[in-house]
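Just so we're aligned, residue 468 is where the sequence shown starts under our numbering, counting upward by one.
Here a beta-carbon is modelled for each residue, glycine too, at the ideal position from N, C-alpha and C.
Since the structure is predicted, the reported quantities are computational estimates derived from the model, not experimental observations.
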Amino acid sequence: MPDPEPTPSPTPTPAPDTGINPPAPLIGDPPAPEPIPTPEPTPEPKLGPDGKPLPPEPKLGPDGKPIEEKPEPRALEEYTEFTIPEGTTLDEQTATEFKGLAKELDLTQEQAQKLLDFGGGKLRAQIEAPYKLWAETQAKWQAEVKADPDIGGTKFEQSIKDAAQIFVPGESNPFVKDEAEAKSLRDALNMTGAGNNPAIVKLFVKMGTLLKEPGSLSGGPVKDTQDTLLAKMYPTMNETQTEGR
């Protein structure tokens, strides 16, 4: 009796496609890890004869020449107003020229301001230097006049009054003929500072003292020759000439 044929297994009915995928189970096989990208190997730098790395080769253009890579410009199209250093001035033309220079040097607003501060400080110091020296010289001369044994000390006030006689025009004053000349002489002494020089002050004191002597300089009752006038103004010079004879 032949063996009975095996009963075929029923074909499973596929589940309907609902378009809904269930979430991955919380407990079970972990998801496969994402592949870690392999980094590209860093090329070894080329070394020169001295063993030091050579600079990178420049990129070449279509013509085979190196492409010049220009950095991004830092200068502003238009600078705002700069802060002018104390004690200095900046006229409109100079300000325009400075902004053009700052742009040419590719300076930021802050860098241009620092350059202006530095230059302004140096310029101010150079401008003030001669005035400072002039003021120090004037103070030194005044101190010497006040300490001079002939015209200073207790004689100082009277010496200044005598010297001021030069600026009083009159018939007895051959040095200034009118107020205009007196003013010009006074302005010249003030502008140059010569009015504080000990030698000039001494000369004016002697001239003013002679003006107080009636006729000594006016050609009045007492007529002085040039030698007599010089002898009055410079008595020590006359003594020296006498000793030399």
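> Just curious, the alpha helix (DSSP H) that Tyr598 is in, first and last residue?
Replying inline: Taken as a continuous stretch (DSSP letters only), the alpha helix (DSSP H) holding Tyr598 covers Gln576 to Ala614.
> Taking contact to mean at least 3 C-beta pairs separated by less than 8 Å, is the segment 642-650 in contact with the segment 595-606?
Replying inline: In short, these stretches do not touch, since the Cβ pair count stays below three.
> Under 7 Å between the Cβ atoms of Gln609 and Gly675?
Replying inline: Note that the C-beta distance between Gln609 and Gly675 is not below 7 Å.
>> Checking 7 Å against the spacing of the C-beta atoms, do Val668 and Val612 come in under that value?
In response: Remark: C-beta atoms of Val668 and Val612 approach each other more closely than 7 Å.
> Expressed to the nearest angstrom, what Euclidean distance is found between the alpha-carbon atoms of Gln625 and Leu678?
Replying inline: Near 14 Å, if we compare the C-alpha coordinates of Leu678 and Gln625.
> Out of curiosity, what's the CA-to-CA distance linking Ala630 and Leu557?
Replying inline: Cα to Cα, Ala630 sits roughly 44 Å from Leu557.
> Helix, strand or coil: which one does DSSP assign to Pro522?
Replying inline: If DSSP states are grouped into helix, strand and coil, Pro522 belongs with coil.
> Taking the C-alpha atoms as reference points, what is the distance between Leu514 and Glu524?
Replying inline: In a straight line, the C-alpha of Leu514 is about 12 Å away from that of Glu524.
> Contact between the segment 518-534 and the segment 560-580: three or more CB pairs below 8 Å?
Replying inline: Because the criterion of three Cβ pairs below 8 Å is not met, the segment 518-534 and the segment 560-580 do not touch.
> What are the boundary residues of the alpha helix (DSSP H) that includes Glu571?
Replying inline: For Glu571, the enclosing alpha helix (DSSP H) covers residues Glu559 to Glu571.
> Near Glu595, which residues of its chain fall below 8 Å by C-beta distance, leaving aside the five closest residues on each side in sequence?
Replying inline: Within the same chain, Glu595 has close Cβ partners Gly554.
>> In this structure, how does DSSP classify Pro533 when only helix, strand and coil are distinguished?
In response: Strand at Pro533.
> What's the call for Leu574, buried or exposed, on a 16-neighbour Cβ count within 10 Å?
Replying inline: Looking at its Cβ environment, which holds 16 or more other Cβ atoms inside 10 Å, Leu574 is buried.
>> Less than 6 Å between C-beta atoms, sequence neighbours within five positions excluded: which residues of the same chain meet that for Gly660?
In response: Once the five neighbours on either side are set aside, the close Cβ partners of Gly660 are Gln605.
> Thinking just about the alpha-carbon of each residue, which of Ala649, Gln576 and Pro597 is nearest to the one in Glu548?
Replying inline: Glu548 has its Cα closest to that of Gln576, out of Ala649, Gln576 and Pro597.
>> Quick check on Lys589: buried or exposed, where buried means 16 or more other Cβ atoms within 10 Å of its Cβ?
In response: So Lys589 ends up on the exposed side.
> With a Cβ-Cβ cutoff of 7 Å, do Lys566 and Tyr546 count as a contact?
Replying inline: Closer than 7 Å, so yes.
> Rounded to whole angstroms, how far is the Cβ of Gly662 from the Cβ of Leu670, which I believe are closer than 8 Å?
Replying inline: Between Leu670 and Gly662 the Cβ distance is about 11 Å, and since that is not below 8 Å, they are no contact.
> Quick one: does the C-beta of Ala602 sit closer than 6 Å to a heavy atom of the ligand SAH?
Replying inline: The ligand content of the structure shown is nil, which means the ligand SAH is not present either.
> In whole angstroms, what separates the C-alpha of Leu600 from that of Gly518?
Replying inline: Rounded to whole angstroms, Leu600 to Gly518 spans 59 Å at the Cα level.
> Got a sec, what are the start and stop residues for the alpha helix (DSSP H) Asp645 sits in?
Replying inline: Element bounds for Asp645: n/a, residue is neither H nor E.
> Roughly how far, in whole angstroms, is the beta-carbon of Gln578 from the beta-carbon of Thr550, given that I think they are within contact range, below 8 Å?
Replying inline: Going by Cβ atoms, the distance from Gln578 to Thr550 rounds to 14 Å, so no, they are not a contact pair.
>> At the level of alpha carbons, what is the spacing between Gln593 and Glu535?
In response: If you take the alpha carbons of Gln593 and Glu535, they lie about 42 Å apart.
> Quick one: what's got a C-beta closer than 6 Å to Gly587's C-beta in the same chain, skipping five residues either side?
Replying inline: Closer than 6 Å at the Cβ level, and outside the excluded window around Gly587, lie Pro552 and Thr555.
>> Would Phe623 and Arg653 qualify as a contact pair, given that the criterion is a beta-carbon distance under 7 Å?
In response: The Cβ-Cβ distance between Phe623 and Arg653 does not fall below 7 Å.
>> Please list the terminal residues of the continuous alpha helix (DSSP H) segment that includes Val672.
In response: If you look at Val672, you'll find it in the alpha helix (DSSP H) that goes Pro665 to Leu678.
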